[in-house]
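**Q** Here it is, the structure, as structure tokens.
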Amino acid sequence: LHSESRTNAELALFEASSGIKPNSFALVNLIGLATELKCSSFGKQLHSYVSRSGYFSHIHVSTSLIKFYSRMHSFSDAHALFDEISEPNVVTWNTMISGYVHAGQFRSALSFFTRLYSSHVRADAFSFTSALFACSQLSLFKLGSSIHCKTVKLGMDDNTVVANCMIDMYGKCGPVEHAIRVFSETVEKDVISWNSIIAASANNGYIELAFKDIKPDGITFLNLISACSHNQMPLEVAIAYFQSMIDEYKIAPSIEHCCSMIRLMGQKGELWRAERMIHEFGFESCGVVWRALLGTCGTQEDLQVAEIAAAKVIELEMDEDYVYVMMSNMYASFGRWEDVDLIRGLMNRKRVKKEAGSSSIEIDSSVSSL
1 LHSESRTNAE LALFEASSGI KPNSFALVNL IGLATELKCS SFGKQLHSYV SRSGYFSHIH
61 VSTSLIKFYS RMHSFSDAHA LFDEISEPNV VTWNTMISGY VHAGQFRSAL SFFTRLYSSH
121 VRADAFSFTS ALFACSQLSL FKLGSSIHCK TVKLGMDDNT VVANCMIDMY GKCGPVEHAI
181 RVFSETVEKD VISWNSIIAA SANNGYIELA FKDIKPDGIT FLNLISACSH NQMPLEVAIA
241 YFQSMIDEYK IAPSIEHCCS MIRLMGQKGE LWRAERMIHE FGFESCGVVW RALLGTCGTQ
301 EDLQVAEIAA AKVIELEMDE DYVYVMMSNM YASFGRWEDV DLIRGLMNRK RVKKEAGSSS
361 IEIDSSVSSL
């Protein structure tokens, strides 16, 4: 823990164990501190105090305890506390739902959302965004569409945050046309709206976008470059977007932008152009960009650029075992057996192990390795 956090925790423990009796608002803050620090023993002490003092009937206190146990991934305790509350409000419901989402237990989150929707408590925008996110992670198109209909019925479909989640959900598990329709019907589009629709376009190989009345950010352009790659757009179109990002929107290219452009140039066979770009934007000391270039060399079988990229990866990175394996395979594909023997000699001296090849297939939504 940081010294300030440790001091806060010690102070909180003193307040809880001394004669000073914290009120409900102080308890919420103390439980929040235990949650933030992931301090299980402190949180359980506070739970015990809450039970003895009768503060559990205060809904904001009991909800804070549910959040604490959810973040500890102790859902049996969180669930038990929830069931003790006679009239949970929407914040309490959302705490359970978001807790499951945060832990990656998306089916449990959707189960709780279904219970919420069937109760007398009205779901809010946060409830729907959590449920839509869970659907996107599980690729549940039909359920996601059903939740979309519920937002329309309750008049929440014009909420920008909810709309953004619907765009993301349809982009990941439905026809991209659904995402585009939601996007076009969203009155107040923000940067996340644009990033979501561009990502949806990239995932589905479909792009029909123009920057109209919103200023895109670096992530927007990263998704746009990806969309160009998936949609087999001409390289010059992607380069024009990339240059517009720099010149018009004054966004400095990041390593991620550079790697995306390298992969796109590699797809088009422009490896020397990609190699020059690394130097032009000052990324020659970043091993990750050379790894990206080396990866594209493997698909394009460009040995000259591969040798340059491999040398830079070995120079800049500690874990270079895969470089020897890849170069050995490339030399073999070109019939340069002397170089293969040389590389394998280096691999033996460095005790580099060539990993066994594997592939995976999807069977009934589960992945199996072969």
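Everything in the sequence shown is counted per UniProt numbering, starting at 1 for the first residue and increasing by one. We treat Cβ as the ideally placed atom computed from N, Cα and C, and that holds for glycine.
#1: Closer than 8 Å is the cut-off here; do at least three beta carbon pairs connect the stretch 300 to 310 with the stretch 280 to 287?
#2: What residue range does the alpha helix (DSSP H) around Glu177 cover?
#3: Does the beta-carbon of Ala210 have 16 or more other beta-carbons within 10 angstroms, so that it is buried, or is it exposed?
#4: Here's a check: name, in chain order, each residue in its chain whose Cβ is nearer than 6 Å to the Cβ of Phe56, leaving out the five neighbours to either side.
#5: Spatial neighbours of Ile197 within its chain, please: C-beta separation below 8 Å, excluding the five flanking residues on both sides.
#6: Please return the same chain residues whose Cβ sits closer than 8 Å to the Cβ of Gly174, not counting the five positions on each side in sequence.
#7: Could you round the C-beta distance between Met330 and Gly298 to whole angstroms and report it? I think they count as a contact, below 8 Å.
#8: Locate the alpha helix (DSSP H) running through Arg273, then write down its first and last residues.
#9: Going by alpha carbons, who is nearest to Leu110 out of Ala123, Ser130, Ser74 and Val121?
#10: Give me the Cα-Cα distance between Asn94 and Glu188, rounded to the nearest whole angstrom.
#11: Could you spell out where the alpha helix (DSSP H) holding Val121 opens and where it closes?
#12: Between Arg291, Asp339 and Leu224, which has its C-alpha nearest Glu321's C-alpha?
#13: For the putative contact between Ser193 and Thr160, defined by C-beta atoms under 8 Å, what is the C-beta separation to the nearest angstrom?
#14: Whole angstroms are fine: how far does the CA of Glu315 sit from the CA of Leu293?
#15: In three-state terms, what does DSSP make of Phe334?
#16: Measuring straight from C-alpha to C-alpha, what distance separates His23 and Ala34?
#17: Can you look up Gln304 in the DSSP assignment and give me helix, strand or coil?
#18: By DSSP, does Lys350 sit in helix, in strand, or in coil?
#19: Within this structure, are the beta carbons of residue 371 and Ala199 separated by less than 8 Å?
#20: On the three-state DSSP scale, how would you describe Ala210?
#21: Under a Cβ-count criterion, where at least 16 other Cβ atoms within 10 Å of its own Cβ denotes burial, should Val237 be classed as buried or exposed?
#22: Apply the 10 Å Cβ neighbour rule to Gly54 and answer buried if 16 or more other Cβ atoms are within range, or exposed otherwise.
#23: Can the beta-carbon of Leu116 be found less than 8 Å from the beta-carbon of Ser98?
#24: Just to confirm, is the Cβ distance from Ser260 to Ile225 under 8 Å?
#25: Which residue's Cα is closest to the Cα of Thr296: Gln267, Tyr324 and Ala311?
#26: Within its chain, find whatever has a CB closer than 8 Å to the CB of Ser229; leave out the 5 residues flanking it on each side and keep chain order.
#27: Quick check on Met326: does DSSP put it in helix, strand or coil?
#28: How far does the alpha helix (DSSP H) with His73 in it extend, from its first residue to its last?
#29: Between the alpha carbons of Ile219 and His58, how many angstroms are there, rounded?
#30: Let me know if Ser119 comes out buried or exposed under the rule of 16 or more other beta-carbons within 10 Å of its beta-carbon.
#31: Give the DSSP-derived three-state secondary structure of His148 in the structure shown.
#32: With 16 other CB atoms within 10 Å as the buried threshold, where does His148 fall?
#33: By a C-beta neighbour count over all protein chains shown, 10 Å radius and 16 as the cutoff for buried, is Ile255 buried or exposed?
#34: Compute the Euclidean distance between the alpha carbons of Asp77 and Lys67, then round it to the nearest angstrom.
#35: For a test of the three-state rule: what should DSSP assign to Asn159, helix, strand or coil?
#36: Between Lys350 and the rest of its own chain, which residues show a CB-CB distance below 6 Å, the 5 nearest in sequence each way excluded?
**A** Let me spell this out:
#1: When Cβ pairs closer than 8 Å are counted between the two stretches, the stretch 300 to 310 is seen not to touch the stretch 280 to 287, the count staying below three.
#2: Note, Glu177: alpha helix (DSSP H), Val176 to Glu185.
#3: Caution is warranted here: a pLDDT of 48 is assigned to Ala210, below 50, making its placement in the model unreliable, and the coordinate value is therefore given only provisionally. Exposed.
#4: Here Phe56 has Val50 and Ser62 as same chain residues with Cβ atoms under 6 Å from its own Cβ, once five neighbours each way along the sequence are excluded.
#5: For Ile197, where only same-chain residues beyond five positions count, the Cβ hits under 8 Å are Ile167, Gly171, Ala179, Ile180, Phe183 and Leu209.
#6: Its chain contains Phe141, Gly144 and Ser145 as the residues whose beta carbon lies nearer than 8 Å to that of Gly174, once the 5 sequence neighbours on both sides are disregarded; these appear in chain order.
#7: Contact holds; Cβ gap of about 7 Å.
#8: Arg273 -> alpha helix (DSSP H) spans Leu271 to Glu280.
#9: Between Leu110 and the set Ala123, Ser130, Ser74 and Val121, the nearest pair of CA atoms involves Ser130.
#10: When rounded, the distance between both Cα atoms is 25 Å.
#11: Val121: not part of any alpha helix (DSSP H); DSSP gives it neither H nor E.
#12: At residue 321 the sequence reads Asp, which differs from the Glu that was named. Answer by Cα proximity: Arg291.
#13: Yes, Ser193 and Thr160 are in contact; Cβ-Cβ is about 7 Å, under 8 Å.
#14: Near 15 Å, if we compare the C-alpha coordinates of Glu315 and Leu293.
#15: It is coil, neither helix nor strand.
#16: First, the residue type needs correcting, since residue 23 is Asn and not His in the sequence shown. In this structure, the straight-line span from the alpha carbon of Asn23 to that of Ala34 is close to 16 Å.
#17: Gln304: helix per DSSP, three-state reduction.
#18: DSSP places Lys350 in coil when its eight states are reduced to three.
#19: What the structure shows of the chain is the stretch from 1 to 370, and residue 371 is not part of that stretch, so it cannot be assessed.
#20: Interpretation of Ala210 is limited by its pLDDT of 48, a score under 50 that renders its predicted location unreliable; no figure is taken from the coordinates.
#21: Looking at its Cβ environment, which holds fewer than 16 other Cβ atoms inside 10 Å, Val237 is exposed.
#22: Gly54 is exposed by the Cβ-count criterion.
#23: Taking a C-beta distance under 8 Å as the contact criterion, Leu116 and Ser98 do not qualify as a contact pair.
#24: Yes.
#25: Nearest C-alpha to Thr296: Gln267.
#26: Ala202, Ala238, Ser260, Arg263, Leu264 and Gln267, listed in sequence order.
#27: In the three-state scheme derived from DSSP, where H, G and I count as helix and E and B as strand, Met326 is classed as helix.
#28: Taken as a continuous stretch (DSSP letters only), His73 belongs to no alpha helix (DSSP H), as it is neither H nor E.
#29: Taking the straight line joining both Cα atoms gives about 42 Å.
#30: So Ser119 counts as exposed.
#31: Here His148 sits in helix by DSSP.
#32: With 16 or more other Cβ atoms within 10 Å, it is buried.
#33: So Ile255 counts as exposed.
#34: Computed Cα separation, rounded: 10 Å.
#35: When DSSP states are grouped into helix, strand and coil, Asn159 belongs to the coil group.
#36: Answer for Lys350: no residue qualifies.
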